[in-house]
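Working notes for the structure below.
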Amino acid sequence: MDILEDKVICQLIQSLKVRLRKKTISSREQPFLSAPRLIFVCGKEWVDNEETIRNYTIRTLRKCRIANHYGTQNEAVLCIIAEKLYVQDLSEDIFSFEKMLAEISDRIIIVAESPGTFCELGAFVMDEDCRRKTMVINEDNADYENSFITKGPIKKLESLNESSIIRHNGLERIKNSHEYNFKVQEIAKAPLTIAINDNAGSVELKSLIYELANIVELFQPVEYFEIETLYKRLKDFEGYTIKNTADHKIRSIRQVLSLMEKMDMLLRQDGYYILNQNISCYNVMFRISRKEFNDFRIMYLNRLNKCQKSRVNVL
């Protein structure tokens with residue numbers, strides 16, 4: 001049975017449609033906005049469990065939590081790691097791909113610990129939109145005082161925002177640094193603002209990521225085509241065009257879901273998408289409380305159990 005043609009489920013969808021947000025949502029106005037901040041963390045090449053400042057920073061960010069209703073908590077940050085995401089299906093080259101990741105991120109943290117990150121630092125500092133999001137963690141070493149990196153991009157960034165530079169004397173010092181801990185916590189707990197897509201001809205990728213996460217959380221386990229159908233039906237879009245595609249090849253919801261899966265925002269099991277259980281985006285797209293979300297899920301799963309019982313077993 002096609003669940004999106006079921007009368008009861010169609011009524012549930014309609015109940016959401018009347019609660020659809022029409023304008024930007026901010027955690028300043030909505031304290032229970034539980035969506036994670038997207039933080040792009042650059043540094044030495046990613047190797048699982050290797051003791052680097054980049055890995056330590058990612059682990060530190062992942063420990064930051066945001067309060068939800070009923071005393072529950074979700075991860076406040078979703079760390080973006082470029083090496084885990086890049087495939088040529090999404091972008092022609094790694095630099096263009098990283099620029100796209102920087103654009104969808106709320107903040108960029110660059111740990112200057114490898115030649116590759118020196119290049120990233122130079123490129124991001126020269127881009128105005130990226131520059132205002134960037135924080136650099138750099139070794140405090142007199143031997144590097146007159147280097148191009150110190151005199152060039154770091155000096156440029158520091159002249160615009162002195163607090164965007166953290167100097168360190170090694171990983172062990174970082175672990176005990178009040179400045180490091182304070183600034184990382186500040187990034188994790190910074191106000192979050194999410195624009196709402198209301199123009200089918202100019203869909204913002206970052207907003208689309210959050211909106212799709214919200215749909216998945218409501219209707220999981222859910223297939224790709226159902227997600228796309230739900231998005232268009234809820235938005236009253238006949239089609240859609242993702243904007244700013246000069247640096248990447250992402251043109252469809254299928255590709256966005258693939259990106260979200262690589263970001264560890266979504267999991268895919270037996271062809272169904274499920275939201276990462278450590279995060280929540282339940283009220284990004286809709287004006288609903290946690291109780292209303294829970295009530296919706298109970299009604300939806302009860303109906304799904306009657307229509308497609310095997311699907312419920314995926315959860």
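Just so we're aligned, residue 1 is where the sequence shown starts under the UniProt record's numbering, counting upward by one.
Backbone N, C-alpha and C fix where the C-beta goes; we use that ideal spot for every residue, glycine too.
| Query | Result |
| --- | --- |
| Whole-angstrom distance between residue 244 and residue 168, CA atom to CA atom | 37 Å |
| Residue ranges of each beta strand (DSSP E) within the segment 154 to 191, 3 or longer | 165 to 168 |
| Endpoints, the beta strand (DSSP E) within which residue 111 is located | 107 to 111 |
| Residue 60 - DSSP class collapsed to helix/strand/coil | helix |
| Beta-carbon gap between residue 65 and residue 50 smaller than 8 Å | no |
| Stretch-stretch touch, CB-based, cutoff 8 Å, three pairs: the segment 152 to 167 with the segment 26 to 37 | no |
| Contact the segment 195 to 210 vs the segment 266 to 274: 3+ CB pairs below 8 Å | no |
| Beta carbon of residue 136 nearer than 8 Å to that of residue 112 | yes |
| Reduced DSSP category for residue 303 - H, G, I as helix; E, B as strand; rest coil | helix |
| Residues near residue 104 by beta carbon distance below 7 Å, same chain, minus five either side | 38, 205, 206, 209 |
| Three-state secondary structure assigned by DSSP to residue 260 | helix |
| Where the beta strand (DSSP E) through residue 134 begins and ends | 134 to 139 |
| Neighbour flag for residue 170 against chain B, beta carbons, 8 Å | Going by chain labels, chain B is absent from the structure shown, which holds only one protein chain. |
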